[in-house]
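Residue numbers (my numbering): 466 to 722.
One structure is given here, and the rest of the page talks about it.
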């Protein structure tokens, strides 16, 4: 366990030392600010009064950006080691490959949580500055925001795990990232297409089950027959499959030291 934590710390520092990481975090703050200014403009022009809780809940739509940023990190965190030739330096350490692999995966999860925290805190800050802070409705909406963030994190983890798998399969970081982002958008478009023409087999696709907020009160699932338990089961199968492929690809790959 000590070796794993040491590896996680090392991998985490490698991510934080890159300028790109801080650009990503500043981008989230900027988007939150622009979203807040847009809401303030609507409030001033329509007379509709926003509150902090409602703004923070609405700004959770920006979690899709968090998902894309996490995909970028996950899609290159392993493949970049092969692209740069540094994988040999990782594997000469007296630590087994499984720990090396999953230290990187844990860093991806930590990065996603960091991005979510930055988005949430910046939304709270701008919401408190620009809108009414306390209202009974706002407190209820803040609690709902916690539920939405939790469900969206499941979605982020699943997509990041898919990107992580592709990263272990590829020796090109650009291919790993590009293919991951392509599959995110292509998967969503495929689900929408199958939904429109009424092909129920689409409910077994990963992207049909990612959005667990579709089961919140008043929402309609993408396909008939889908339930929370069904989606959790489908996601679990994909989750285990992605990890199995990642592990086999990395641990069994022949790398000359």
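Cβ coordinates follow ideal geometry from the N, Cα and C atoms, glycine included.
The criterion of a C-beta distance shorter than 9 Å is satisfied by residue 680 and residue 696. Per DSSP, reduced to three states, the secondary structure at residue 561 is coil, with no helix or strand assignment. In the DSSP assignment, residue 717 falls within the unbroken alpha helix (DSSP H) covering 693-717.
Between the stretch 489-498 and the stretch 576-594 there are three or more C-beta pairs closer than 8 Å, enough to call the two in contact. DSSP, reduced to helix, strand and coil, places residue 483 outside both helices and strands of the structure shown, so it counts as coil. Around the beta carbon of residue 656, 16 or more other beta carbons sit within 10 angstroms, so the residue counts as buried. In this structure the stretch 569-581 lies against the stretch 524-542, because at least three pairs of beta carbons, one per stretch, are closer than 8 Å. Residue state for residue 597 is assigned as strand, using DSSP reduced to three classes. By the 16-neighbour rule on beta-carbons within 10 angstroms, residue 482 is exposed.
When the beta-carbon positions are compared, residue 472 and residue 565 come within less than 9 Å of each other. Contact between residue 543 and residue 633 is confirmed by a C-beta separation of about 5 Å, below the 8 Å threshold.
By DSSP's assignment, residue 516 forms a beta bridge with 597. A straight line joining the alpha-carbon of residue 624 with that of residue 527 spans about 16 Å. The C-alpha of residue 670 is placed about 35 Å away from the C-alpha of residue 501.
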